[in-house]
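Student: From first to last, the protein sequence lines are chains A and B.
For the first sequence, the residue numbers in the numbering used here are 1 to 204.
For the second sequence, the residue numbers in the numbering used here are 205 to 408.
Sharing a structure below in structure tokens format, with a few things to ask.
There are 2 protein chains.
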Amino acid sequence: MGRWEPNARGRLAQAALTLYAEQGFEQTTAAEIAGSAGLTERTFFRHFADKREVLFYGSDSVLDLLVRAVAGAPPAAGPIDAVSAALQAVGAMIQETPEPARLRYAVVSANQELRERELAKLAEFAAAMAGALRDRGVPELAASLAAETGTAVYRVTFARWIEGQAQPVLTHGQEPPDLPGLLRASMAELGDVFTDRLLSSPAS
Amino acid sequence: MGRWEPNARGRLAQAALTLYAEQGFEQTTAAEIAGSAGLTERTFFRHFADKREVLFYGSDSVLDLLVRAVAGAPPAAGPIDAVSAALQAVGAMIQETPEPARLRYAVVSANQELRERELAKLAEFAAAMAGALRDRGVPELAASLAAETGTAVYRVTFARWIEGQAQPVLTHGQEPPDLPGLLRASMAELGDVFTDRLLSSPAS
């Protein structure tokens, strides 16, 4: 009856991820998740509107972090640098606890409805970063292009990072790739791709 | 009873777009669409699995066009140029009949499920272009980054083009912006954004 359960939200989220990964998102009920966390189904629905929301409840704080990082980039930073700094901030947060991110990726990838919802969240992140860039005085087109491009780079890089995590054996002394470092490298690679293009097409 | 109806598919698609735009996607039934096209509901379901499919049935030919354009770019073209050429080919096709594209955009934008489905289609386009780039010998990371970036540029630019279409009054002698031209300009702008960044960060 409304009894406070210590860290119920976190316990439910962890139990949900584990069950979704083990037996599939569709096959898992809210009652099972609650039971696995030692809580009631009623407590589950006090914390989450539905099974899907467990997978997206962290997105508000990610969006906040992105916007604050774009706003807090040095005044001289260009739009790509500000977006890159924001993505690395999120990357660093995810890097701290990679296992839930890996499980979540596997669950979302396996379900079309969840994949589509995930893309919509990323589009929201891009729109929020574009707004934060405009607040820095970046013209609208450059702001949208930089934010959407950054989000595209994030998607590509995150998938590569997850694949790197999944490699079972690392050579002695070799560290698994870190997400902020991969994001920096991807941004640099894309910069090279554009620079080569500009060098090779003198009149465009 | 299986009677062949001349251009039933095109008539149904046009009737559906008009009705979705006028009265909303959710409020429109397959029977209404068929009736508006002078056809039966049964004919509708011979051509489309559901109401939503009418909005996405052209995506296979767009995907084909993108892949062929990437594959057919001059051998010396870099990945961004090949992707840019492919997007401009699609842009030119859409530019020929802008009205259905404008209606479709309005319908998709107004419905979250359709927006999410649209993003998933764009992700398929990006994956297909990345594959075509790899077939040209472009390394995997550069291929994915160029294809995803191109798709991001397309999204931003298409929205701007639609807004330009919606402007009711053009100054005398002024043409409404054309989609291929806007796509070229956006790619050039993003190139500038990256170049400025590279110039302003000597050691990265």
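For every residue, glycine included, the Cβ atom is placed at its ideal position computed from N, Cα and C.
Note that the structure is predicted; figures quoted are calculated from it, not measured.
Could you round the C-beta distance between A/A92 and A/A82 to whole angstroms and report it? I think they count as a contact, below 8 angstroms.
Tutor: Counting from 1 along the first sequence, the entry for residue 92 of chain A is found at position 92. Counting from 1 along the first sequence, the entry for residue 82 of chain A is found at position 82. In fact, because the Cβ distance is near 16 angstroms, the residues do not count as touching under 8 angstroms.
Student: Answer with yes or no whether the minimum CB distance from B/F362 to chain A is below 9 angstroms.
Tutor: Here residue 362 of chain B refers to the residue found at position 158 when the second sequence is read from its first residue. With 9 angstroms as the cut-off, B/F362 does not count as an interface residue toward chain A.
Student: Could you tell me which of A/S59, A/E140, A/A76 and A/A8 sits nearest to A/G35, measuring between CA atoms?
Tutor: Translated into positions along the first sequence, residue 35 of chain A becomes position 35. The option with the nearest alpha carbon to A/G35 is A/A8.
Student: Let me know the secondary structure DSSP gives B/Q231 once reduced to three states.
Tutor: For the purposes of this step, residue 231 of chain B is taken as the residue at position 27 of the second sequence. DSSP places B/Q231 in coil when its eight states are reduced to three.
Student: Check whether the Cβ atoms of B/L337 and B/A347 sit closer than 9 angstroms, and answer yes or no.
Tutor: Looking up residue 337 of chain B in the second sequence gives position 133. Looking up residue 347 of chain B in the second sequence gives position 143. Cβ atoms of B/L337 and B/A347: closer than 9 angstroms.
Student: DSSP three-state call for A/A37: helix, strand or coil?
Tutor: As a working mapping, residue 37 of chain A is identified with position 37 in the first sequence. In this structure, A/A37 counts as coil in the three-state DSSP scheme.
Student: Can the beta-carbon of B/L291 be found closer than 9 angstroms to that of B/L259?
Tutor: Counted from its first residue, the second sequence places residue 291 of chain B at position 87. Counted from its first residue, the second sequence places residue 259 of chain B at position 55. Not closer than 9 angstroms, so no.
Student: Throw me the rounded Cβ distance for the A/P48 and A/Y57 pair, which I believe falls under 8 angstroms.
Tutor: Counting from 1 along the first sequence, the entry for residue 48 of chain A is found at position 48. Counting from 1 along the first sequence, the entry for residue 57 of chain A is found at position 57. Looking at the sequence shown, residue 48 of chain A is not Pro but Phe. Yes, A/F48 and A/Y57 are in contact; Cβ-Cβ is about 7 angstroms, under 8 angstroms.
Student: In the stretch 71-87 of chain A, which residues sit with their C-beta less than 9 angstroms from some C-beta in chain B, listed in chain order?
Tutor: Answer in chain order: A76, A77, G78, P79, I80, D81 and S84.
Student: Roughly how far, in whole angstroms, is the beta-carbon of A/F125 from the beta-carbon of A/L66, given that I think they are within contact range, below 8 angstroms?
Tutor: One-based indexing of the first sequence puts residue 125 of chain A at position 125. One-based indexing of the first sequence puts residue 66 of chain A at position 66. Contact flag correct, Cβ pair sits at about 6 angstroms.
Student: Output the distance between the C-alpha atoms of A/D178 and A/G191, rounded to the nearest integer angstrom.
Tutor: The residue labelled residue 178 of chain A in the question sits at position 178 within the first sequence. The residue labelled residue 191 of chain A in the question sits at position 191 within the first sequence. Each residue's alpha carbon lies about 20 angstroms from the other.
Student: Alpha carbon to alpha carbon, how far is A/L39 from B/M333? Give it in angstroms, no decimals.
Tutor: Taking the second sequence and counting its residues from 1, the one referred to as residue 333 of chain B is at position 129. Taking the first sequence and counting its residues from 1, the one referred to as residue 39 of chain A is at position 39. Going by the C-alpha atoms only, they are around 47 angstroms apart.
Student: For B/G214, count neighbouring C-beta atoms within 10 Å of its own C-beta (all shown protein chains included) and say buried if the count is 16 or more, exposed if not.
Tutor: Translated into positions along the second sequence, residue 214 of chain B becomes position 10. By the 10 Å Cβ count, B/G214 comes out exposed.
Student: Can you confirm whether B/E393, when its beta carbon is compared against all beta carbons of chain A, has any partner nearer than 9 angstroms?
Tutor: Against the second sequence, residue 393 of chain B aligns to sequence position 189. By this cut-off, B/E393 is an interface position.
Student: Buried or exposed: which applies to A/E26, given that a residue is buried once 16 or more other Cβ atoms fall within 10 Å of its Cβ?
Tutor: Residue numbering aside, residue 26 of chain A sits at position 26 when the first sequence is read from its first letter. Exposed, because fewer than 16 other Cβ atoms sit within 10 Å of the Cβ of A/E26.
Student: Sort A/V90, A/A21 and A/R52 by Cα distance to A/L183 and report the nearest one.
Tutor: Within the first sequence, numbered from 1, the residue matching residue 183 of chain A stands at position 183. Among A/V90, A/A21 and A/R52, the Cα nearest to that of A/L183 belongs to A/V90.
Student: Over what stretch of residues does the alpha helix (DSSP H) that includes B/D264 continue unbroken?
Tutor: Taking the second sequence and counting its residues from 1, the one referred to as residue 264 of chain B is at position 60. Note, B/D264: alpha helix (DSSP H), S263 to G276.
Student: Per DSSP, what kind of secondary structure is A/R42 in: helix, strand or coil?
Tutor: Position 42 of the first sequence, counted from the start, is the residue given in the question as residue 42 of chain A. Here A/R42 sits in helix by DSSP.
Student: Considering only C-alpha positions, which residue in the set B/P283, B/D268, B/L349 and B/P343 is nearest to A/V156?
Tutor: Residue 156 of chain A sits at position 156 when you count from the first residue of the first sequence. Of B/P283, B/D268, B/L349 and B/P343, the residue nearest in Cα terms is B/L349.
Student: Could you tell me which chain A residues have their CB closer than 8 angstroms to the CB of B/F398, listed as they occur along the chain?
Tutor: One-based indexing of the second sequence puts residue 398 of chain B at position 194. Correct list: I80, L190, G191, F194 and T195.
Student: Buried or exposed: where does A/E140 fall if 16 or more other Cβ atoms within 10 Å of its Cβ makes it buried?
Tutor: The residue you call residue 140 of chain A lines up with position 140 of the first sequence. It is exposed - the Cβ of A/E140 has fewer than 16 other Cβ atoms within 10 Å.
Student: What three-state label does DSSP hand A/R184 in the structure shown?
Tutor: Here residue 184 of chain A refers to the residue found at position 184 when the first sequence is read from its first residue. It is helical.
Student: Check the Cβ of B/V266 against every Cβ in chain A and list those closer than 9 angstroms, keeping chain order.
Tutor: Taking the second sequence and counting its residues from 1, the one referred to as residue 266 of chain B is at position 62. Under the 9 angstroms cutoff, chain A gives no residues; its nearest Cβ is about 17 angstroms from B/V266.
Student: Of all Cβ atoms in chain D, is any one closer than 9 angstroms to the Cβ of A/V54?
Tutor: In the structure shown, chain D does not exist; the protein chains are A and B.
Student: Cβ closer than 7 angstroms: which chain B residues qualify as neighbours of A/L119?
Tutor: For the purposes of this step, residue 119 of chain A is taken as residue 119 along the first sequence, with counting starting at 1. Within 7 angstroms Cβ-Cβ: E320, L323, A324 and A327.
Student: Which of the residues in the stretch 343-360 of chain B, read from start to end, lie with their CB under 8 angstroms from any CB of chain A?
Tutor: Within the stretch 343-360 of chain B, the residues whose Cβ lies closer than 8 angstroms to some Cβ of chain A are L345, A346, S348, L349, A350, E352, T353, T355, A356, V357, R359 and V360, listed in chain order.
Student: Given that A/S59 touches chain B, what residues does it touch there, using C-beta distances under 7 angstroms?
Tutor: Looking up residue 59 of chain A in the first sequence gives position 59. Within chain B, no residue comes near A/S59; the closest Cβ sits about 14 angstroms away, beyond 7 angstroms.
Student: Under DSSP, the alpha helix (DSSP H) around B/D382 begins and ends at which residues?
Tutor: As a first step, residue 382 of chain B must be located in the second sequence, where it is residue number 178. Premise fails: B/D382 is in no alpha helix (DSSP H) and is neither H nor E.
Student: Cα-Cα, which of A/E113, A/D60 and A/A120 is closest to B/A319?
Tutor: Counting from one through the second sequence, the residue named residue 319 of chain B turns up at place 115. A quick correction: the sequence has Arg, not Ala, at residue 319 of chain B. The shortest Cα separation from B/R319 among A/E113, A/D60 and A/A120 belongs to A/A120.
Student: Would you mind stating whether A/S84 and A/G181 have Cβ atoms separated by less than 9 angstroms?
Tutor: As a position in the first sequence, residue 84 of chain A is number 84, starting the count at 1. As a position in the first sequence, residue 181 of chain A is number 181, starting the count at 1. No, the pair does not count as a contact, with Cβ atoms beyond the cut-off.
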